[in-house]
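Visitor: Below is a structure I'd like to ask you about.
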Amino acid sequence: MKREDITYFGAGPAYLPSDVLATAAGALLNYEETGLGVAEHSHRSELATNILNSMKADLAEFLDIPDTYEILIMQGGGSGEFSATIYNLVAVWVEKRRKQLVRERGENVSEEELVKELQKQVQTELRLDYLVTGSWSLKASQEAARLLGPEYVNVALDARTANEGKFGKIPEESTWKLSQKAALVYMCENETVDGVEFPRFPKALEPTGSEDGPIVVGDFSSTILSRRIPVENYSIIFFGAQKNLGVTGITVTIIKKSLLPPTISPAAPSLLRKLGLPIAPVILDYATIAKNNSLYNTLSIFDVYVAGQVLKKLLATFPDKVDGQQAAAERKAASLYAVLDAYPDVYRVVADKSVRSRMNICFRVTKGGNVDEAEKAFLKGAVERGLTGLKGHRSVGGIRASNYNAIPESGVQKLAVYLKEYATA
Ligand code: PLP
389 MKREDITYFG
399 AGPAYLPSDV
409 LATAAGALLN
419 YEETGLGVAE
429 HSHRSELATN
439 ILNSMKADLA
449 EFLDIPDTYE
459 ILIMQGGGSG
469 EFSATIYNLV
479 AVWVEKRRKQ
489 LVRERGENVS
499 EEELVKELQK
509 QVQTELRLDY
519 LVTGSWSLKA
529 SQEAARLLGP
539 EYVNVALDAR
549 TANEGKFGKI
559 PEESTWKLSQ
569 KAALVYMCEN
579 ETVDGVEFPR
589 FPKALEPTGS
599 EDGPIVVGDF
609 SSTILSRRIP
619 VENYSIIFFG
629 AQKNLGVTGI
639 TVTIIKKSLL
649 PPTISPAAPS
659 LLRKLGLPIA
669 PVILDYATIA
679 KNNSLYNTLS
689 IFDVYVAGQV
699 LKKLLATFPD
709 KVDGQQAAAE
719 RKAASLYAVL
729 DAYPDVYRVV
739 ADKSVRSRMN
749 ICFRVTKGGN
759 VDEAEKAFLK
769 GAVERGLTGL
779 KGHRSVGGIR
789 ASNYNAIPES
799 GVQKLAVYLK
809 EYATA
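This is the structure:
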């Protein structure tokens, strides 16, 4: 089968623009007439640093990231960030508390007294808040319970309770049970498996203007570069490259510089050990990665190069940057939801209208009453038309059309035509 014959709707790793891949293939063999491929050059060479810095600058340009934020290129994927955010923000929380105690009790306070008081505060006040709106935020909350213990994890919202035990809605903010001064409040902007997306930034998490405002962590793995982000409402934004940015292998963390040294250093490992709290492996330690311009250890410069090419293409395509891409994403998603809604006896969209994802359109095929049979037939017909990767996540079944940036409008139209054809056959 030829590449041009299909449109691939898989959820990740995802489809990439063919011209970007062709350029990358050339660079893999011989990068800019150096006789050596981009994956073979040292990650410490000037050439590699230029690729890295240019990719970071283009990302900041496309998303309007203020320079009060640092961009870190990490490894370990979104799952690595579930852990990294916990290690780092717990260490920041402890350090803030330690500094405050020293201020209150004077520079001469003994180490023993500090540890005793901090132990008390950790037990009674250290909390991590999770807004569980789908399978990925659930996983992130489970990682917090695994690393720290469930007593430190506050599930401020479990969206299943208001929806017959299933994900698909986001209950009103007035029902959320947020902690006071949580070490972090975690949200997944777009739940890739369940097709649920936050329509806007929650009012309850808006900055208060004080240092004690919410420390919000946003998982943007499946929605980055497809919508404008109010960056300054977040302390940390993270995402793997493999959906809207590039090939699998790098993870981007955008972090407020005020959470990094010299403003705040995480608590010393020796103190964390005394408090029974976990210590970040060095490759997940944001301060270390920031200090080394993301080159603490060997980074895949090829992955960074591909991401850079995707960003250059986006910047050239959309003069109004992410707003232009957002409009395109919304247009594509709207045309698919319109067909699905037009045939309520044949299709059922999983997510409530108020929180439908623009990136992962999840639905069931109910035609004829036997959902399993109907979905098998639907998928078979789709593949025959070159529409692939539509099978839903194995944990939930159903159909999922991932509408990432690289899916052309013409590919979406082909799917819309097939949806109509199947419904009316
Ligand atoms: N978060 C979201 C929203 C995801 O969609 C995924 C993977 O698809 C992850 C986290 C986990 O990412 P990774 O596979 O890079 O660890």
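To convert, count from 1 in the sequence shown and add 388; that's the numbering used here.
Just so you know, even glycine gets a beta-carbon here, dropped at the ideal spot from N, CA and C.
Which residue from Ile558, Glu513 and Gly583 puts its Cα closest to that of Ser567?
Guide: Answer by Cα proximity: Glu513.
Visitor: In the stretch 508-555, which residue ranges form an unbroken alpha helix (DSSP H) of at least 4 residues, counting only runs that do not cross its ends?
Guide: Taking only runs of at least 4 residues, the alpha helix (DSSP H) segments lying wholly in the stretch 508-555 are 523-536.
Visitor: Checking the sheet assignment: what are the DSSP bridge partners for Lys779?
Guide: DSSP output for Lys779 lists Ile787 as bridge partner(s).
Visitor: Report the residue from Lys768, Arg744 and Leu728 whose alpha carbon sits nearest the alpha carbon of Arg752.
Guide: Nearest C-alpha to Arg752: Leu728.
Visitor: Cβ of Asp582 within 7 Å of any heavy atom in the ligand PLP?
Guide: No, the beta carbon of Asp582 sits no closer than 7 Å to any heavy atom of the ligand PLP.
Visitor: Starting from the N-terminal side, write out each stretch of the alpha helix (DSSP H) that is 4 residues or longer and does not extend beyond the stretch 620-690.
Guide: Listed in chain order, the complete alpha helix (DSSP H) runs (minimum 4 residues) inside the stretch 620-690 are 657-662 and 674-679.
Visitor: Could you check whether the Cβ of Asp607 sits closer than 7 Å to any heavy atom belonging to the ligand PLP?
Guide: It does: the Cβ of Asp607 is within 7 Å (strictly closer) of some heavy atom of the ligand PLP.
Visitor: My assumption, with CB atoms under 8 Å, is that His431 sits in contact with Thr686. Please give the rounded CB distance.
Guide: Contact flag correct, Cβ pair sits at about 5 Å.
Visitor: Confirm, please, whether the CB-CB distance from Leu648 to Tyr674 is below 8 Å.
Guide: Going by C-beta atoms, Tyr674 is nearer than 8 Å to Leu648.
Visitor: Buried or exposed, going by whether 16 or more other CB atoms sit within 10 Å of the CB of Ala479?
Guide: It is buried - the Cβ of Ala479 has at least 16 other Cβ atoms within 10 Å.
Visitor: Give the secondary structure of Asp607 by DSSP, where H, G and I count as helix, E and B as strand, and everything else as coil.
Guide: Note: Asp607 maps to strand in three-state DSSP.
Visitor: Going by DSSP, what residues sit across from Thr395 in a beta bridge?
Guide: In the DSSP output, where bridge partners are listed per residue, Thr395 has Leu775.
Visitor: May I ask whether a heavy atom of the ligand PLP can be found less than 7 Å away from the beta carbon of Gly780?
Guide: Outside the cutoff, so no.
Visitor: So what's Asn748 in DSSP terms, helix, strand or just coil?
Guide: DSSP places Asn748 in strand when its eight states are reduced to three.
Visitor: Measuring CB to CB, does Tyr622 end up less than 8 Å from Val604?
Guide: Yes. Within cutoff.
Visitor: In the DSSP output, which residue or residues are listed as bridge partners for Asn578?
Guide: Beta-bridge pairing links Asn578 to Glu585.
Visitor: Look at Val482 and Leu506 and say whether their C-beta atoms are less than 8 Å apart.
Guide: Closer than 8 Å, so yes.
Visitor: Between which two residues does the alpha helix (DSSP H) holding Arg486 run?
Guide: Start and end: Gly465 to Arg493.
Visitor: Following a CB-centred definition, is Trp524 positioned closer than 7 Å to any heavy atom of the ligand FAD?
Guide: No copy of the ligand FAD appears in this structure; the ligands present are the ligand PLP.
Visitor: Grouping DSSP H, G and I as helix and E and B as strand, with all else coil, what is Ile439?
Guide: Helix.
Visitor: Within 8 Å (strictly less), CB to CB, does Glu579 reach chain B?
Guide: Of the chains in the structure shown, none is chain B; there is only one protein chain.
Visitor: To the nearest angstrom, how far is it from the Cα of Thr563 to the Cα of Leu545?
Guide: Each residue's alpha carbon lies about 8 Å from the other.
Visitor: Could you name the residues of the same chain whose beta carbon sits closer than 8 Å to that of Lys484, not counting the 5 residues immediately before and after it, in chain order?
Guide: Same-chain partners within the cutoff: Ile652.
Visitor: Assuming contact is defined by CB atoms lying nearer than 8 Å, are Ser610 and Asn748 in contact in what I supplied?
Guide: Yes, they are a contact pair.
Visitor: Run the proximity test for Asn578: is its beta-carbon closer than 7 Å to any non-hydrogen atom belonging to the ligand PLP?
Guide: Checking every heavy atom of the ligand PLP against the Cβ of Asn578, one is found closer than 7 Å.
Visitor: For Thr636 and Lys504, what's the separation of their Cα atoms in angstroms?
Guide: If you take the alpha carbons of Thr636 and Lys504, they lie about 45 Å apart.
Visitor: Going by other Cβ atoms of all chains shown within 10 Å of its Cβ, with 16 needed for buried, is Thr812 buried or exposed?
Guide: Under this definition Thr812 is an exposed residue.
Visitor: Would you kindly report the start and end of the unbroken beta strand (DSSP E) that includes Leu460?
Guide: Where Leu460 is concerned, the enclosing beta strand (DSSP E) stretches over Tyr457 to Met462.
Visitor: Say whether the stretch 732-747 touches the stretch 553-560, bearing in mind that this needs 3 or more beta-carbon pairs closer than 8 Å, one atom from each stretch.
Guide: The answer is yes - the stretch 553-560 touches the stretch 732-747, with three or more Cβ pairs under 8 Å.
Visitor: Could you check if Gly400 belongs to the surroundings of the ligand PLP, using beta carbon to heavy atom distance under 7 Å?
Guide: Yes, the Cβ of Gly400 comes within 7 Å of a heavy atom of the ligand PLP.
Visitor: To which residues does DSSP link Val497 through a beta bridge?
Guide: DSSP output for Val497 lists no bridge partner at all.
Visitor: Measuring CA to CA, which of Ala592, Ile787, Arg746 and Arg615 is closest to Val710?
Guide: For Val710, the nearest C-alpha among the options comes from Arg615.
Visitor: Pick from Thr521, Ala547, Leu477 and Asn496: whose alpha carbon is nearest that of Arg515?
Guide: Among Thr521, Ala547, Leu477 and Asn496, the Cα nearest to that of Arg515 is on Leu477.
Visitor: Just the C-alpha distance for Ala721 and Tyr396, rounded to the nearest angstrom, thanks.
Guide: Those two C-alpha atoms are separated by around 15 Å.
Visitor: Return the chain-ordered list of same chain residues with a C-beta closer than 7 Å to the C-beta of Ala804, the five sequence neighbours on each side being excluded.
Guide: Contacts found: Ser723, Leu724 and Val727.
Visitor: With which residues is Leu572 paired in a DSSP beta bridge?
Guide: BP columns for Leu572 point to Leu516.
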